Amino acid sequence: MKPNRDISLQTAQHTADSRIWQELNQRWRQLPYQEITTDYSHFLQSNPVVEKMLDSSPCITWIIDIRTMQYVYMSRNVKEKLGYAVQQFTDNGVAFFNDIVHPEDQHKIWRLVKIVWDYLLHLPAAERPFYKFSCDYRLVKPDGTCIRFLEQNSVLQLDSQGNITHLLGVGSDITHWKKNDNILATVISTKDGTSFTCTPEDTNLKTQTMLSKREREVVRLVAAGYNSRHIADELFISVHTVNTHRQHIIEKTNVKNTSGMVQYAFSHGLI
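Number 17 in the numbering used here belongs to position 12 of the sequence shown; there are no gaps in the numbering.
In structure tokens form, the structure reads like this:
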């Protein structure tokens, strides 16, 4: 009986992608980190108001220590949102999160992470804190159901040599917004709004359509359920200006309506 060539190719690809994850881990652990003085777990424990706010947020919040790939903080609402206990993340680190990513999406995520980190590490150290990056994928809950999960990370801490030591992340369920299985990573400069994207099939980042800071604010409020009048009041601008922004965003993103505009923004990590 002849071996199944497709299965052999898939196995070879998965092995190569697993190697990417191993190489990333090795890279993170072997960087010549310098000591930092901030203890984020202690900071949050000593600021219960901040911790309570994060625990009641509609988004999950975490802090990752890149040097160890461990969660130094995970908000308690992760149990409500994903069905897993805080301790499962803090005891087992990023490896646990990898385990609950849908098996068909795991290798795609590793490829995207490598592209993003290659870009970040080629930036001048002084520029790194101004970047945030995101991607969405399927997560498997304890009962076996899947949700579409949007992960957004920002550089939280550098050491004295400019090495990234900690990331601040937030995650949310966007199942109701994103209806396809396409996986996309986005990197955005908070300094000038420059935005890049990549797919698992890419080898580097590509420049994407830029939305202004104000346009991103409008999309964020539309996604939160605000109408034009409420957006105008929130941003201290006229309803006419809000509607003009909405029309410009639809034209820039090449979608048909407001729903498409919000889906585009979520899918591309713009909000």
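Glycine included, each C-beta is placed from N, C-alpha and C at the ideal position. Just so you know, these numbers come straight off a predicted model, no measurement behind them.
Requested in this report: Taking only beta-carbon positions, decide if ARG116 is within less than 8 Å of chain B.
Outcome: Of the protein chains in this structure there is only one, and it is not chain B.
Query raised in the report: Can you pull the DSSP bridge partners for VAL175?
Result: By 1-based counting over the sequence shown, the position of residue 175 is 170. Paired residues: THR66 and GLN157.
Report task. Identify which residue in LYS146, VAL77 and TRP182 has its Cα closest to the Cα of HIS107. Result -> As a first step, residue 107 must be located in the sequence shown, where it is residue number 102. Among LYS146, VAL77 and TRP182, the Cα nearest to that of HIS107 belongs to LYS146.
**Report entry** For GLN166: DSSP bridge partner residues
**Finding:** Reading the sequence shown from its first residue, position 161 is the one you call residue 166. For GLN166, which the question treats as bridged, DSSP gives no partner whatsoever.
Query raised in the report: So what does PHE201 bridge to, in DSSP terms?
Result: On the sequence shown, residue 201 is found 196 positions in, with the first residue counted as 1. In DSSP, PHE201 forms a bridge with VAL192 and THR212.
Query - Given THR208 as reference, the closest of ARG34, TYR76, VAL54 and VAL121 once Cα atoms are compared - result: As a position in the sequence shown, residue 208 is number 203, starting the count at 1. When only C-alpha atoms are compared, the closest one is VAL121.
Query raised in the report: Could you give the residue range of the alpha helix (DSSP H) that holds VAL145?
Result: Looking up residue 145 in the sequence shown gives position 140. That residue, VAL145, is in no alpha helix (DSSP H); its beta strand (DSSP E) goes 136 to 145.
Query - Three-way DSSP call (helix, strand, coil) for GLN92 in this model - result: Locating residue 92 in the sequence shown gives position 87, where the first residue counts as 1. GLN92: helix per DSSP, three-state reduction.
Query raised in the report: Does the beta-carbon distance from ILE254 to VAL224 come in below 8 Å?
Result: The sequence position of residue 254 within the sequence shown is 249, counting from 1. The sequence position of residue 224 within the sequence shown is 219, counting from 1. Taking 8 Å as the Cβ cut-off, ILE254 and VAL224 qualify as a contacting pair.
Report task. Determine the DSSP secondary structure at MET74, reduced to helix, strand or coil. Result -> On the sequence shown, residue 74 is found 69 positions in, with the first residue counted as 1. The answer is coil: DSSP assigns MET74 none of H, G, I, E or B.
Requested in this report: Kindly indicate which residue of TYR142, ILE114, ILE65 and LEU163 has the alpha-carbon position closest to the one of PRO37.
Outcome: The sequence position of residue 37 within the sequence shown is 32, counting from 1. Comparing Cα positions, the closest option is LEU163.
Query raised in the report: What's the call for CYS151, buried or exposed, on a 16-neighbour Cβ count within 10 Å?
Result: Counting from one through the sequence shown, the residue named residue 151 turns up at place 146. Classification for CYS151: exposed.
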